[in-house]
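The listed protein sequences correspond, in order, to chains V and H.
Using my numbering, the first residue of the first sequence is number 34, and each one after it goes up by one.
Using my numbering, the first residue of the second sequence is number 34, and each one after it goes up by one.
There are 2 protein chains.
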Amino acid sequence: MDDRRDFSVLGRPLPRVDAYDKVTGKARYVDDMSFPNMLIGKILRSPYAHARIVGIDTSKAKDLPGVKAVITGTDLPERKYGTDPRFADEYALCRGKVRYIGDEVAAVAAVDEETAEKALDLIEVEYESLEPMFDVRAAMAPGKPQIHEGKERNVSMEIHLDAGDTERGFAEAEYVREDTFRSQPTFHAPLEPHAVLAQWSEEGKLTVWANKQIPFYIRRLLAHTLCIPEAHVRVIKPCIGGGFGGKGEMYALDVCAAYLSKLTSRPVKIVYSREESLVCTRRRHEMTITLKTAMKKDGTILAVKGELFSETGAYNSTGPLATYLATTFLNLPWKIPAVKVDSYLVYTNLPPSGPQRGHGVLEMRYAADCHLDLIARDLGIDPLDIRLKNAVHRGYRTANNMNVGSCGIAECLKRAAEKIKWREKKGKMPPYHGIGIAGMGYLSGVNLVPHTGAAAIVHVHEDGGVNLLTGAAEIGQGSDTYLAQLVAEEMGVPLEDVRVISGDTGVTPYDPGTFGSRVATMSGNAARNAGRDAMRQIKEVVADEMEANVGDLVARGRRIYVKGSPERSMPLRKALRAMQYRDLPMPVVGYGFYQAPTHVPDWFKAEDDPSATYSFGAQVAVVEVDPETGRINLKEMVNAHDVGLMINPMAVEGQLQGSIHMGAGHVLTEDVIMRDGLVMNPNLLEYKTPSPFEMPLVHGIAIETASDDVGPHGAKECGEGTEVSTLPAIVNAVFDATGVMIKDLPITPDKVLRALEEKERRG
Amino acid sequence: MDDRRDFSVLGRPLPRVDAYDKVTGKARYVDDMSFPNMLIGKILRSPYAHARIVGIDTSKAKDLPGVKAVITGTDLPERKYGTDPRFADEYALCRGKVRYIGDEVAAVAAVDEETAEKALDLIEVEYESLEPMFDVRAAMAPGKPQIHEGKERNVSMEIHLDAGDTERGFAEAEYVREDTFRSQPTFHAPLEPHAVLAQWSEEGKLTVWANKQIPFYIRRLLAHTLCIPEAHVRVIKPCIGGGFGGKGEMYALDVCAAYLSKLTSRPVKIVYSREESLVCTRRRHEMTITLKTAMKKDGTILAVKGELFSETGAYNSTGPLATYLATTFLNLPWKIPAVKVDSYLVYTNLPPSGPQRGHGVLEMRYAADCHLDLIARDLGIDPLDIRLKNAVHRGYRTANNMNVGSCGIAECLKRAAEKIKWREKKGKMPPYHGIGIAGMGYLSGVNLVPHTGAAAIVHVHEDGGVNLLTGAAEIGQGSDTYLAQLVAEEMGVPLEDVRVISGDTGVTPYDPGTFGSRVATMSGNAARNAGRDAMRQIKEVVADEMEANVGDLVARGRRIYVKGSPERSMPLRKALRAMQYRDLPMPVVGYGFYQAPTHVPDWFKAEDDPSATYSFGAQVAVVEVDPETGRINLKEMVNAHDVGLMINPMAVEGQLQGSIHMGAGHVLTEDVIMRDGLVMNPNLLEYKTPSPFEMPLVHGIAIETASDDVGPHGAKECGEGTEVSTLPAIVNAVFDATGVMIKDLPITPDKVLRALEEKERRG
């Protein structure tokens with residue numbers, strides 16, 4: 034473990050390297066790009082939720098002047114794709130049938146947007162309607178049609194976790210409680226819609242500029258779908274206006290733009306409308322979770338049984354993974370000696386669900402931590418105490434084999450409670466005021482799928498400047514900045530000396546990208562190792578020039594000096610010059626790699642460790658409920674998070690605040706409202722994300738456990754887990770304020786009023 | 034030495050990887066690029082050849098609506114630049130005085146081209162005229178003003194080569210002859226004019242898209258000139274529409290676009306007009322070379338004395354290097370036991386000269402090989418025989434220490450003569466028909482300046498595809514293709530599996546770029562070594578899996594097999610998959626580097642080896658002269674070139690043909706016509722490059738000596754030296770046809786007529 038007091042770049046609240054360009058409007062997004070002869074692509078979508086395609090006539094559209102190409106599903110190679118090849122169930126353009134309102138049927142490329150839209154109107158599609166199913170219950174009912182062939186009862190996959198002796202746990206129970214919670218679908222709602230610009234060269238090489246979190250996966254998927262080698266595909270990620278998981282997949286626009294470019298020999302750009310971006314990409318899974326817990330009266334958890342239904346919509350996307358994560362994260366951060374969970378991923382004729390910040394873990398922790406507060410009330414135990422009593426710790430191994438390393442859950446609980454003055458407030462607040470607490474554990478350094486390792490390259494210029502090449506994708510979370518800080522620290526130079534090139538599969542080494550909270554840990558290690566490798570080469574020469582031991586040399590302030598003898602030093606610049614004038618001058622190139630020392634878990638059993646280490650966190654919410662209107666005033670929150678080590682406190686603070694914003698929206702205002710498969714609020718006016726004025730006062734607390742060496746200097750994720758406890762903390766606070774646990778999100782004013790009325794009626 | 038018959042990708046006439054995009058118009062050049070909010074920059078130029086700037090008033094220009102910034106020399110950091118820091122004498126915008134008609138005085142950035150041009154008209158500059166000097170004689174005359182302060186007689190630098198005992202050579206001479214030759218200035222005349230697009234980010238990082246042969250040098254020069262670290266500059270070379278040496282430097286537009294972008298916080302594009310591109314960048318040096326040779330009557334050269342005046346125009350550019358190269362290449366390819374050359378680089382008030390294909394060597398070889406034909410005639414020796422007699426050979430060391438390695442000069446002479454049937458034609462042709470021969474040696478793998486080493490990186494994808502990252506700059510010569518071939522050969526994959534990313538200082542490892550015929554040798558070695566390094570990593574795993582020795586494994590046809598046991602093999606794809614599923618899967622990244630094993634020579638003495646190896650060549654020209662019109666009909670040529678090894682025969686053929694085109698233009702039609710410092714033919718209508726219809730029948734012969742291991746598999750340059758003998762071969766053919774040696778290029782019809790008249794007058 035490094036001595037943190039020795040850092041010169043890490044741990045400092047440095048402004049992000051892309052901040053100025055973004056706030057001054059200079060940052061270039063996909064839609065800012067334009068090429069000579071560029072065509073505009075548009076996609077025709079299904080008006081049916083479930084229907085057979087009887088025939089498509091594109092001849093009129095093709096005849097429209099200005100239209101350069103029209104394609105349907107049968108024009109593309111017959112290749113299904115999916116986030117995981119085992120669950121590939123999607124064509125870029127539908128073949129044979131459509132499965133939701135918005136499903137992709139045809140695509141056109143034309144000289145301008147107007148012509149492209151006119152062409153869509155001229156495509157004639159004959160459908161034969163099939164019975165649609167709009168919820169899990171309907172989809173699983175006997176005798177219903179299969180949305181995807183061979184999927185009985187429309188169940189896409191099942192997970193059966195059975196770890197420890199749950200029967201004994203329930204047999205020994207002094208108290209048992211069962212509750213069912215529902216978490217609604219929500220949009221990612223990034224400000225920038227999905228967009229792609231594709232150019233297929235005459236030589237057969239494809240270049241794609243796309244706002245993607247995972248350029249290297251997109252490369253693989255495009256190669257697979259278009260039947261070309263990966264080496265022929267280059268995916269470049271320009272600036273991204275927010276992802277939150279929703280830009281983590283290949284979508285119809287990517288394949289269509291590429292193929293239209295191939296057909297027309299011209300660059301093709303497709304930018305989704307706001308409606309397409311919200312409805313026809315992904316939303317968060319609706320999950321319905323039933324938990325039944327066996328307790329001792331002193332608050333000790335003995336066993337939990339659970340049942341989970343995850344609604345994946347028309348396609349799998351990351352549904353299997355989300356379901357796996359929800360299932361396995363029942364086991365953190367509270368000790369449960371025995372668990373038995375049956376989880377089902379179910380198809381419906383609704384827009385497909387996919388990964389969203391927190392990805393399954395959030396839904397399970399919402400259910401589990403609200404359930405825990407009901408148990409605590411029944412047993413007469415303070416919610417803080419029941420959590421402290423059951424909190425996991427370093428060295429703990431869950432029933433399903435998750436190994437806890439560095440662990441700040443207890444400290445997070447204590448620091449959050451202290452900050453909010455829990456002991457002084459809990460039970461002593463005025464009527465309709467409430468306080469709630471929750472805790473969580475999260476992935477940090479996943480090995481959920483193959484190839485999650487990361488590589489990085491550092492080029493050192495002759496004047497001591499550094500280029501960092503990383504495949505990690507900056508999507509607004511700040512990775513370009515903190516990865517550069519890790520390199521700067523190794524090289525002993527200020528942050529401004531490092532230039533980051535990221536997220537371009539043509540030029541950066543392999544790194545799967547931004548998902549599963551893997552970047553800080555895995556890309557971070559790769560970047561640090563690359564910097565370290567470069568500095569090792571330089572130090573070897575300096576040691577020679579200065580007649581010192583390599584091990585005694587320290588790089589700092591653009592100098593390399595002998596530890597303990599600061600007078601014996603050499604400027605980095607001079608060292609590099611010395612390297613140039615040796616017999617065989619070599620440019621300094623450092624290479625770094627990191628792979629988590631875990632194995633890809635079996636999703637169907639959920640009995641292995643999915644992450645090399647875990648982050649932990651606790652949140653407290655203070656609310657006031659207006660009994661007249663049902664309106665919830667979210668007044669104050671504490672977000673305490675075990676980040677391992679703060680690479681950049683300003684970036685950490687941003688995540689601690691931003692997570693509260695997103696989580697508060699999830700609990701209070703956001704909902705994808707659907708009627709008969711049609712989204713009723715597909716725009717940012719009617720889909721209500723909180724405004725800055727609705728934000729509570731947030732206290733961010735970063736706990737630096739820094740006590741394992743999984744992440745760079747012990748750093749862990751702090752951009753996704755940070756949102757996980759927001760939901761149950763607020764819901765539990767409303768429970769505290771009203772005495773009613775509302776088990777169906779979002780907690781809109783009408784639900785509060787109804788709950789209060791029912792409570793009154795019951796007396 | 035590799036067994037050439039074993040190659041699967043090398044030695045094949047594969048189409049260039051960029052060919053399709055270029056012929057279909059898809060290739061994107063700088064001027065095809067456009068960014069939101071982009072401004073257009075323009076430069077105000079001096080109408081005086083030599084004048085003091087008394088004052089500049091930019092206020093009216095600044096007040097013009099749409100003008101966003103106006104800068105003059107004093108707005109920029111006071112930093113002189115030059116190709117070599119020892120000879121830096123140029124400001125991006127003039128300070129204090131102007132030195133040629135076209136010198137840069139001010140620059141503007143405006144919302145469109147029209148406004149920018151109007152703004153130039155509104156800038157008021159007061160000049161005080163100084164005496165201009167338009168040729169070397171005038172510039173060196175006593176009492177003339179100094180164009181650059183401190184340069185006596187306007188001599189910028191002198192080289193005094195004195196090797197061997199020239200006095201003894203002349204004392205022992207049986208025959209002595211002296212001639213003076215003049216080689217005129219010529220334009221590079223690439224079809225694409227010089228262009229740049231610069232964006233200075235708010236964070237202070239500069240990105241420049243520029244059509245440059247040498248992105249990494251441009252990075253260094255921009256950093257130096259703008260007083261920012263190299264790490265803050267990224268130079269990206271898009272497609273280039275021809276360079277020929279003329280895009281090998283930083284020019285005013287680069288600095289101005291960058292600085293105007295800084296001032297305006299907007300992207301700025303500057304595209305030179307055809308006139309600016311021709312006149313205000315660089316032209317070839319006018320050189321006047323006097324050679325005096327001491328001979329034995331049997332044709333043995335005993336010693337040479339020379340004097341050389343190189344006219345550099347208003348600035349040094351690469352003048353010192355050109356002068357050095359001209360001086361040192363008197364010594365190849367004919368054995369000269371003693372040489373004494375005094376060379377002078379002289380400033381004038383003409384547009385600056387700079388590097389052009391052949392760069393000094395061409396001018397010297399023109400003079401020397403024409404001089405040799407005059408000697409041969411006087412001594413009654415066949416021009417072929419006198420060359421064969423004096424030709425250098427492997428192991429020969431010139432008087433000034435140039436070490437000859439692999440050497441095909443004799444074979445080039447013989448094969449060229451054979452092809453044209455020299456023995457049957459020479460002296461036996463009809464009147465006014467003539468045949469001429471010449472030979473040359475050229476640089477291949479220079480170490481003329483520091484930092485000429487090259488690095489390359491190879492990323493291997495999981496499906497066996499390969500990305501090659503090289504800093505070498507594809508400028509039309511085909512380097513992207515042949516570097517990819519070198520990697521493909523090492524990796525055992527077809528060319529199409531390799532994707533090349535080149536010439537982007539942000540992402541590719543260091544490589545100084547395309548100059549000095551260094552790419553095939555040095556970048557080629559780096560690329561090959563990178564591929565070899567990647568394949569070594571793969572073979573180690575395969576050896577383990579297959580229980581074989583690494584040394585026994587061969588990669589070919591996307592498979593790795595045991596030498597001699599083709600049945601024991603594994604597909605590359607499977608090998609890579611095996612690597613992914615090992616305990617610690619690593620992406621395969623190969624790194625390669627090459628540095629020539631020579632030292633940077635002392636230009637002032639010209640007594641060291643400037644190149645790791647040398648290419649050789651011989652050319653024969655057949656002409657018919659029309660005695661009525663003086664018109665020369667260039668009928669047929671042979672271009673025999675010792676390429677070491679043909680990486681791509683189609684690319685070699687292209688160079689052998691293209692060089693003849695450029696050289697024939699130099700001899701016959703091209704000339705920069707100047708009157709009082711003003712270029713009279715600054716456009717492609719009046720500056721006459723040959724059309725395809727004026728091309729002779731060309732026989733290209735590639736000699737594969739492949740007998741040293743300096744270049745990859747022995748490959749040497751074949752894009753620059755290939756033009757060197759074109760000039761003397763044609764001039765000697767005209768000499769043969771007319772009996773008159775015209776010593777002043779180009780040989781226009783009027784010169785031929787005058788020569789014929791004079792010959793007749795003399796009888």
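Built from N, CA and C at the ideal position, the CB exists for glycine as well.
Reduced DSSP category for residue i - H, G, I as helix; E, B as strand; rest coil
i: Ser439/V; result: coil
i: Ile303/H; result: strand
i: Trp367/H; result: strand
i: Leu689/V; result: helix
i: Val482/H; result: coil
i: Phe167/V; result: coil
i: Phe40/H; result: coil
Backbone CA spacing between residue i and residue j [nearest angstrom]
i: Pro715/H; j: Lys458/H; result: 41 Å
i: Asp800/H; j: Leu358/H; result: Residue 800/H lies beyond the range of chain H shown here (34 to 796); nothing can be said about it.
i: Ser216/V; j: Gly549/V; result: 20 Å
i: Met524/V; j: Leu701/H; result: 57 Å
i: Ala327/V; j: Ala204/V; result: 8 Å
i: Ala608/V; j: Asp51/V; result: 30 Å
i: Lys59/V; j: Ala401/H; result: 57 Å
i: Asp642/V; j: Gly197/V; result: 16 Å
i: Ile134/V; j: Val312/V; result: 9 Å
i: Ile156/H; j: Arg252/H; result: 30 Å
i: Gly478/V; j: Tyr627/H; result: 38 Å
i: Arg569/H; j: Val583/H; result: 8 Å
i: His492/H; j: Thr554/H; result: 22 Å
i: Phe362/V; j: Asp117/V; result: 20 Å
Assumed close pair residue i, residue j - CB separation to whole angstroms, cut-off 8 Å
i: Ala620/V; j: Tyr624/H; result: This sequence places Pro at residue 620/V; Ala is not what is there. So it is not a contact: roughly 10 Å between Cβ atoms.
i: Ala291/H; j: Val241/H; result: 6 Å
Chain B within 9 Å of residue i, Cβ atoms only
i: Arg787/H; result: Given the protein chain composition of this structure (V and H), no chain B is represented.
Outcome for residue i when other beta-carbon atoms lying within 10 angstroms are tallied against a minimum of 16
i: Cys445/V; result: buried
i: Val87/H; result: exposed
i: Lys885/H; result: The requested residue 885/H is not part of the displayed model; chain H covers only 34 to 796.
i: His746/H; result: buried
i: Ser92/H; result: exposed
i: Arg815/V; result: Beyond the ends of chain V as shown, which are 34 and 796, falls residue 815/V; an answer cannot be given.
i: Asp36/V; result: Reliability fails at Asp36/V, whose pLDDT of 48 lies under 50, so the model's placement of it is uncertain and no value is given.
i: Arg532/H; result: buried
- Message: Does the contact criterion of 3 or more C-beta pairs under 8 Å hold for the stretch 391–408 of chain H versus the stretch 736–752 of chain H?
- Response: no
- Task: Take every Cβ of the stretch 361–370 of chain H, pair it with every Cβ of the stretch 420–432 of chain H, and state whether three or more of those distances are shorter than 8 Å.
- Result: yes
- Hey, is the stretch 511–520 of chain H in contact with the stretch 651–666 of chain H, meaning 3+ C-beta pairs nearer than 8 Å? no
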